[in-house]
Amino acid sequence: MIEQHIVTYREEANELLAELETSLLELEENPTDEELIGRVFRAMHTIKGSGAMFGFDEVAQFTHEVETVFDLVRNGKMTVSKLLLNLTLRARDHIKSLLDASVSGEESDRAEGEAVIAGLKQLVPSSPNEPSPPPVQSQPAPDAEAETLKTWRIRFKPCPEIFLSGTKPLGLINELRELGTCHVVAHTAGVPVLNDMNPELCYIYWDIILTTARGMDAIKDVFIFIEDDCELKVDLIDDGGTGDTDLDYKKLGDILVERGDLSPMEIQKILGLQKRFGELAVAVGAITPDKVQSALVEQQHVKNVRQERATQESTSSIRVPAEKLDLLVNLVGELVTVQAHLSQTAALHGNTDFASIAEEVERLTNDLRDTALNIRMLPIGTTFSKFKRLVRDLSQELGKEIEMETEGAETELDKTVIERLNDPLVHLIRNSIDHGIEMPDVRLAAGKPAQGTVHLGAMHSGDSVLITIRDDGAGLDKEAIRAKAVERGIIAATAELSDKEIYNLIFAPGFSTAAKVTNVSGRGVGMDVVKKAIEGLRGSIDITTAQGTGSTITLKIPLTLAIIESLLVRIGPDYFVMPLSSVEECVELTRDNIEEAHGRHLANVRGAIVPYIPLRDQFSISANRPDIEQIVITNIHGTKVGFVVDSVIGEHQTVIKSLGRMYRDVRGISGATILGDGTVALILDMGLLLQSAEALEQGGVSSAAPM
Amino acid sequence: MAKLIMTADDSASVRQMVSFTLKQNGYDVLEAVDGKDALVKLSSQKVDMLITDLNMPNVDGLGLIRGVRAGALNKFIPIIMLTTESQDGKKSEGKAAGATGWIVKPFKPEQLIAVIKKVLG
Chain D
1 MIEQHIVTYR EEANELLAEL ETSLLELEEN PTDEELIGRV FRAMHTIKGS GAMFGFDEVA
61 QFTHEVETVF DLVRNGKMTV SKLLLNLTLR ARDHIKSLLD ASVSGEESDR AEGEAVIAGL
121 KQLVPSSPNE PSPPPVQSQP APDAEAETLK TWRIRFKPCP EIFLSGTKPL GLINELRELG
181 TCHVVAHTAG VPVLNDMNPE LCYIYWDIIL TTARGMDAIK DVFIFIEDDC ELKVDLIDDG
241 GTGDTDLDYK KLGDILVERG DLSPMEIQKI LGLQKRFGEL AVAVGAITPD KVQSALVEQQ
301 HVKNVRQERA TQESTSSIRV PAEKLDLLVN LVGELVTVQA HLSQTAALHG NTDFASIAEE
361 VERLTNDLRD TALNIRMLPI GTTFSKFKRL VRDLSQELGK EIEMETEGAE TELDKTVIER
421 LNDPLVHLIR NSIDHGIEMP DVRLAAGKPA QGTVHLGAMH SGDSVLITIR DDGAGLDKEA
481 IRAKAVERGI IAATAELSDK EIYNLIFAPG FSTAAKVTNV SGRGVGMDVV KKAIEGLRGS
541 IDITTAQGTG STITLKIPLT LAIIESLLVR IGPDYFVMPL SSVEECVELT RDNIEEAHGR
601 HLANVRGAIV PYIPLRDQFS ISANRPDIEQ IVITNIHGTK VGFVVDSVIG EHQTVIKSLG
661 RMYRDVRGIS GATILGDGTV ALILDMGLLL QSAEALEQGG VSSAAPM
Chain E
1 MAKLIMTADD SASVRQMVSF TLKQNGYDVL EAVDGKDALV KLSSQKVDML ITDLNMPNVD
61 GLGLIRGVRA GALNKFIPII MLTTESQDGK KSEGKAAGAT GWIVKPFKPE QLIAVIKKVL
121 G
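As they're listed, the protein sequences go chains D and E. 1 is the number of the first residue of the first sequence in full-length UniProt numbering; add one for each residue after it. 1 is the number of the first residue of the second sequence in full-length UniProt numbering; add one for each residue after it.
Here's what the structure looks like:
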């Protein structure tokens, strides 16, 4: 577009130059013809003005010099001489060459231009060189004092004839409104009765109280065109500094004096009457009600501004009832479901516009989900502090010396998770104190400091939080546990168990290692309850111990209970989801593979033997078995195990819905979710499925109930 | 409805540039090649605003402004005059004649639009 304007400009300039030439030659004949002089001036003026518009700076600059001289001629301060005409004609030729140079890209003859200008300057009568005019209307420099909000009082009193200049006072006031928070009071006291009113005149003036981050210049710029046609008074009344912590603003009387509406003398006189000042001032006729009103508005405005500042400084966070957050998370959950439906529908339609909208919605939904879940996050430290007290009280009761250390108190977890972690943690810590840490004399005899330590730590690990409870006590006694388990009938006396399996026995129902039931632990709720609670949070519990030096219990807890990343799979007509955090990979399982394994549920994954559980059999799904099945290989508590499904559909945002009361005790299913098309998919509890399968495999000796 | 703005300028390139900028920003444009042309057109056509050059043959910018303010149809419209830096005195003359504001040449399209928005209120 600019190109096009430039072409037009060149054509126009060439026409003007031709006209200039003719005019100059005619002027030679009639040196006093004002009409001709005017034409010469206008031609040069247009060449200059338009030249500057379209980037012909050199042309504009040079022509400006020549124009200046002709301005003098036009105003009768110089006469047209032969020499002037010669120089002007040379100037005209130079302008032409400048224009041509801009097309060809050649350098123009700068010396010629300078010679012409020097010659012209000599012609100018001794009048001092006009100081170079101020630069073009420039954008106001950014205010140095930006950032801080300042409050200004502006009194804008346009002259009555303001409308005749085409100015709209309300437009200006609206412009002020755009600068910041604004209170406007119109003074209408000057409006005459209808009969005396000239509708073409402005009888009103305004007081504006403006709080803005922009400075005085920005305010003055609003009135730039009518500076001389109005009374404008701009005063800073609140500088935004924090020093002014006093919320109370000036007294009404002081404001009116500052504005020049009342003199201090008058104030004194009125104050002597002792009523509400504003009413008094009006009553005695010293002032019109609108002026008082305006001052009151200023008072209120500044008060508000200061109050807002005070609150902003004191609070960067707000308190929201927890139910509101729960509601928000629930709604986000619904949104995720709808979004899944949308994406699915979009994929089905194959319309790219539709698909891109669906993608956008998906991205936003994901952000919204993360943000909403994040809002519910609380630092776990809030519960840690409670445990300090617990440790102190318990150790006193038991006559033990125990110190509690905490670490990672700032680690954040979903509010509901933290709430549900409280009881298991209390139990675990009690256990450590009661069973783990020895009496001081025992400790000293074992070469340990008399004071025992319980360490409670939390840290992030992927989409989970690891919580560790570590004590430097006696550690677990492998043989004692084994003996007890046999005694309680939890394991067979001949069972061959790894160390890990033995330690895990303490989580079996009905197991208690304490020799006697103390007041502290062993109130009938054992470690199995703890384990259940942790698994209810979709977490896992792990124990490491060394006899004599202490044990560490590690809880792995997912960050949130509401929404998880999962893998969506299908068996026959049914959909299931598996938490993605435990999924490692997917491999194919063909009929040949099954035959090769001679009917045993083992798969060869790159040389490693991985046992698998055919979910189809577990859930008694009778639909036809496809030729090629899929094994989803998972890592459950460090054990690799595969789950055989018909097909793997893909990653899925799973909004967890709990199962109703009727199904709460179904083992192997931890919840349900609703897919995009409305189908219900069950969430698999892989840990429990594994346990059940192991139990079946070992002939049902284990604690796991049959499916 | 789009606002109708008249641009009066004897320079075709400036007229072209102004109308192009206005049209791009959603205004309707009426062009006039000099003050006389503008006055004739404005006597029968109501416009929302006038942008005029000061130096024009026949009737110049000041004459045009006075003429508009003396008429009835467009008496109260905002009028913006285009001036160059050498015409500082012209600003006050223009103001006295009844111009609403001014814009100094050379200007960028966005500056022009900012001024138009300002005076249209």
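Built from N, CA and C at the ideal position, the CB exists for glycine as well. On a predicted model such as this, the values are computed, not experimentally measured, just so you know.
Less than 8 Å between the CB atoms is what I'm expecting for VAL29(E) and LYS36(E), so what's the real figure, rounded?
The residue labelled residue 29(E) in the question sits at position 29 within the second sequence. The residue labelled residue 36(E) in the question sits at position 36 within the second sequence. Actually they are not in contact, since the Cβ atoms of VAL29(E) and LYS36(E) sit about 19 Å apart, beyond 8 Å.
Identify each residue in the segment 157 to 176 of chain D for which the Cβ-Cβ distance to at least one residue of chain E is less than 8 Å, and report them in chain order.
PHE163, LEU164, SER165, GLY166, THR167, LYS168, LEU170, GLY171, LEU172, ASN174 and GLU175
Spell out a yes or no on whether the segment 676 to 690 of chain D and the segment 564 to 584 of chain D are touching, meaning 3 or more CB-CB pairs, one atom from each, closer than 8 Å.
yes
Sequence-distant residues of its chain with Cβ nearer than 7 Å to THR673(D) (five each side left out):
Taking the first sequence and counting its residues from 1, one reaches residue 673(D) at position 673. These residues qualify, in order along the chain: VAL577, THR654, VAL655, ILE656, LYS657, ALA681 and ILE683.
Buried or exposed, going by whether 16 or more other CB atoms sit within 10 Å of the CB of residue 719(D)?
Outside the displayed range of chain D (1 to 707) lies residue 719(D), so it cannot be described from this structure.
Own chain partners of VAL18(E) with C-beta closer than 8 Å, once the 5 adjacent residues on each side are dropped
Stepping through the second sequence from its first residue, residue 18(E) is reached at position 18. Result list for VAL18(E): THR7, ASP9, VAL29, ILE51 and LEU112, in chain order.
Which chain D residues sit within Cβ distance under 7 Å of SER77(E)?
Numbered from 1 along the second sequence, position 77 holds the residue referred to as residue 77(E). Inspection of the sequence shows that residue 77(E) is occupied by Ile rather than by Ser. Residues of chain D passing the Cβ test: GLY166.
Among THR590(D), LEU555(D) and ASP677(D), which has the Cα closest to the Cα of HIS637(D)?
As a first step, residue 637(D) is located in the first sequence; it is residue number 637 there, counting from the start. Taking only the C-alpha atoms, the option nearest HIS637(D) is LEU555(D).
Return no unless some Cβ of chain D is closer than 8 Å to the Cβ of SER11(E).
Indexing the second sequence from 1 puts residue 11(E) at position 11. Yes, because at least one Cβ of chain D sits closer than 8 Å to the Cβ of SER11(E).
Within a Cβ cutoff of 8 Å, which residues of the same chain sit near GLY190(D), ignoring the five residues on either side of it in sequence?
Locating residue 190(D) in the first sequence gives position 190, where the first residue counts as 1. If we look at GLY190(D) and ignore the five residues flanking it on each side, its Cβ neighbours are TYR203, ILE204 and TYR205.
So with CB distances below 8 Å, who are the chain D contacts of GLY63(E)?
The residue labelled residue 63(E) in the question sits at position 63 within the second sequence. Within chain D, no residue comes near GLY63(E); the closest Cβ sits about 13 Å away, beyond 8 Å.
Interface partners of VAL119(E) on chain D, CB under 8 Å
Within the second sequence, numbered from 1, the residue matching residue 119(E) stands at position 119. Residues of chain D passing the Cβ test: GLY166, THR167, LYS168, GLY171 and PHE225.
Burial state of ASN604(D) (16 or more Cβ within 10 Å)
Mapped onto the first sequence, residue 604(D) falls at position 604. With fewer than 16 Cβ atoms within 10 Å of its Cβ, ASN604(D) is classed as exposed.
Do you know offhand how far VAL305(D)'s Cα is from LEU256(D)'s?
For this step, residue 305(D) is matched to residue 305 along the first sequence. For this step, residue 256(D) is matched to residue 256 along the first sequence. Between VAL305(D) and LEU256(D), the C-alpha separation is close to 20 Å.
May I have a chain-ordered list of the beta strand (DSSP E) segments no shorter than 3 residues that lie completely inside the segment 484 to 511 of chain D?
none
Quick one: what does DSSP say THR337(D) is sitting in, helix, strand or coil?
Mapped onto the first sequence, residue 337(D) falls at position 337. THR337(D): helix per DSSP, three-state reduction.
What's the call for ILE433(D), buried or exposed, on a 16-neighbour Cβ count within 10 Å?
Start at 1 with the first residue of the first sequence, and residue 433(D) comes out as number 433. Label assigned to ILE433(D): buried.
Would HIS341(D) pass as a contact of ASP574(D) if the rule is Cβ separation under 8 Å?
On the first sequence, position 341 is the one that residue 341(D) refers to. On the first sequence, position 574 is the one that residue 574(D) refers to. Taking 8 Å as the Cβ cut-off, HIS341(D) and ASP574(D) do not qualify as a contacting pair.
Complete beta strand (DSSP E) runs within the segment 603 to 630 of chain D (minimum length 3 residues, chain order)
608 to 614
N-terminal and C-terminal residue of the beta strand (DSSP E) that LEU378(D) is part of
Against the first sequence, residue 378(D) aligns to sequence position 378. Element bounds for LEU378(D): 377 to 379.
Beta-carbon proximity of VAL115(E) to GLY101(E), cut-off 8 Å:
Within the second sequence, residue 115(E) is the residue found at index 115, counting from 1. Within the second sequence, residue 101(E) is the residue found at index 101, counting from 1. Yes, the Cβ-Cβ distance between VAL115(E) and GLY101(E) is below 8 Å.
Whole angstroms are fine: how far does the CA of ARG664(D) sit from the CA of ILE469(D)?
Residue numbering aside, residue 469(D) sits at position 469 when the first sequence is read from its first letter. Residue numbering aside, residue 664(D) sits at position 664 when the first sequence is read from its first letter. Cα to Cα, the separation comes out at about 30 Å.
Name the residue from SER92(E), LEU4(E) and ALA2(E) whose alpha carbon lies nearest to the alpha carbon of GLY61(E).
Position 61 of the second sequence holds residue 61(E). Ranking SER92(E), LEU4(E) and ALA2(E) by Cα distance to GLY61(E) puts SER92(E) first.
Buried/exposed call for VAL103(D), threshold 16 Cβ in 10 Å
Locating residue 103(D) in the first sequence gives position 103, counting from the first residue. So VAL103(D) ends up on the exposed side.
Can you name the start and end residues of the alpha helix (DSSP H) that VAL69(D) belongs to?
Along the first sequence, one-based indexing puts residue 69(D) at 69. Taken as a continuous stretch (DSSP letters only), the alpha helix (DSSP H) holding VAL69(D) covers 57 to 74.
Do LEU537(D) and ARG420(D) come within 8 Å of each other at the CB atom, strictly closer than that value?
Sequence index remark: in the first sequence, residue 420(D) carries index 420 (1-based). Sequence index remark: in the first sequence, residue 537(D) carries index 537 (1-based). In contact: ARG420(D) and LEU537(D) (Cβ atoms closer than 8 Å).
Considering just the uninterrupted stretch of the alpha helix (DSSP H) at ALA70(E), what are its terminal residues?
On the second sequence, position 70 is the one that residue 70(E) refers to. 61 to 70 is the span of the alpha helix (DSSP H), which, as asked, contains ALA70(E).
Suppose the cutoff is 7 Å on Cβ atoms and the five residues either side in sequence are ignored; what does the same chain contact list for ASP261(D) look like?
By one-based count along the first sequence, residue 261(D) stands at place 261. Correct list, in chain order: ILE287 and LYS291.
Three-state secondary structure (DSSP) at ARG570(D)?
For the purposes of this step, residue 570(D) is taken as the residue at position 570 of the first sequence. In the structure shown, ARG570(D) sits in a strand (DSSP, three-state: E or B).
Using a Cβ-Cβ cutoff of 9 Å, what residues of the segment 21 to 49 of chain D are near chain E? List them in chain order.
GLY38, ARG39, PHE41, ARG42, HIS45, THR46, ILE47, LYS48 and GLY49
So for ASP9(E), helix, strand or coil by DSSP?
Against the second sequence, residue 9(E) aligns to sequence position 9. Here ASP9(E) sits in coil by DSSP.
ALA286(D) in three-state terms, based on DSSP
Position 286 of the first sequence, counted from the first residue, corresponds to residue 286(D). Three-state result, ALA286(D): coil.
Spatially closest choice to ILE120(D) from GLY452(D), THR68(D), THR634(D) and LEU170(D), by CA coordinates:
To locate residue 120(D), count along the first sequence from 1; it is residue 120. Contrary to the premise, residue 120(D) reads as Leu rather than Ile in this sequence. The residue with the shortest Cα to Cα distance from LEU120(D) is THR68(D).
Can the beta-carbon of PHE163(D) be found closer than 8 Å to that of CYS230(D)?
Position 163 of the first sequence, counting from 1, holds the residue named residue 163(D). Position 230 of the first sequence, counting from 1, holds the residue named residue 230(D). No, they are not a contact pair.
Cβ neighbours of ASP53(E) in the same chain (closer than 6 Å, five flanking residues each side left out)
For the purposes of this step, residue 53(E) is taken as the residue at position 53 of the second sequence. Same-chain partners within the cutoff: ASP9, GLY61 and LEU82.
Is the Cβ of GLY98(E) closer than 8 Å to any Cβ of chain D?
On the second sequence, position 98 is the one that residue 98(E) refers to. Yes, because at least one Cβ of chain D sits closer than 8 Å to the Cβ of GLY98(E).
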